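Trainee: Provided herewith is a single structure, encoded as structure tokens, for subsequent inquiry.
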Amino acid sequence: MDPAASRRKKILWLSVKATVTLLSVLGGTLLGYYMIKPSVTRENDSNKGYDASQAPFTASVQTELGDPRQDWVMVLDRELTEGETRKLTSSDDAAAFAYLRSLGGRLLTY
Numbered sequence: 061m062d063p064a065a066s067r068r069k070k071i072l073w074l075s076v077k078a079t080v081t082l083l084s085v086l087g088g089t090l091l092g093y094y095m096i097k098p099s100v101t102r103e104n105d106s107n108k109g110y111d112a113s114q115a116p117f118t119a120s121v122q123t124e125l126g127d128p129r130q131d132w133v134m135v136l137d138r139e140l141t142e143g144e145t146r147k148l149t150s151s152d153d154a155a156a157f158a159y160l161r162s163l164g165g166r167l168l169t170y
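Residue numbers (our numbering): 61 to 170.
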């Protein structure tokens, strides 16, 4: 048997495998690229349907309840629990600010 023929078969086989692999990766990438718009459209429609089935979000801000010398106001998307209120009232301003931020509070700017 000719050793050169065996070498040529191995090189040919490796070339075919590399080409198939490259075409598979390229095909998957192109398919993903072309499917982005339909996928995003479906996801947006699904999100709109879910949002429509939920209760609408409402917010209210109560002002002038605290110390008028206070120079910042924090807004939360829910009421504080009793434990959270106790912890908040027992801390100084810097600790209270950090605590409210950790609960997801947003600073209200005027």
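Quick reminder that beta carbons are idealized off the backbone N, C-alpha and C, glycines included. Note that this is a predicted model, so its numbers are computed, not measured.
1. Give the C-beta separation of Ser151 and Tyr159 to the nearest angstrom, bearing in mind that I take them to be a contact with Cβ-Cβ under 8 Å.
2. Counting along the chain, where does the beta strand (DSSP E) carrying Arg166 start and finish?
3. Start and end of the alpha helix (DSSP H) containing Ala155?
4. Please report the residue range of the beta strand (DSSP E) in which Met134 lies.
Mentor: Here's the rundown:
1. As a working note, residue 151 is residue 91 in the sequence shown. As a working note, residue 159 is residue 99 in the sequence shown. The Cβ separation is near 6 Å, so the contact holds.
2. Numbered from its first residue, the sequence shown carries residue 166 at position 106. Taken as a continuous stretch (DSSP letters only), the beta strand (DSSP E) holding Arg166 covers Arg166 to Leu168.
3. As a first step, residue 155 is located in the sequence shown; it is residue number 95 there, counting from the start. That run of the alpha helix (DSSP H) goes Asp153 to Ser162.
4. Locating residue 134 in the sequence shown gives position 74, where the first residue counts as 1. Met134 -> beta strand (DSSP E) spans Val133 to Val135.
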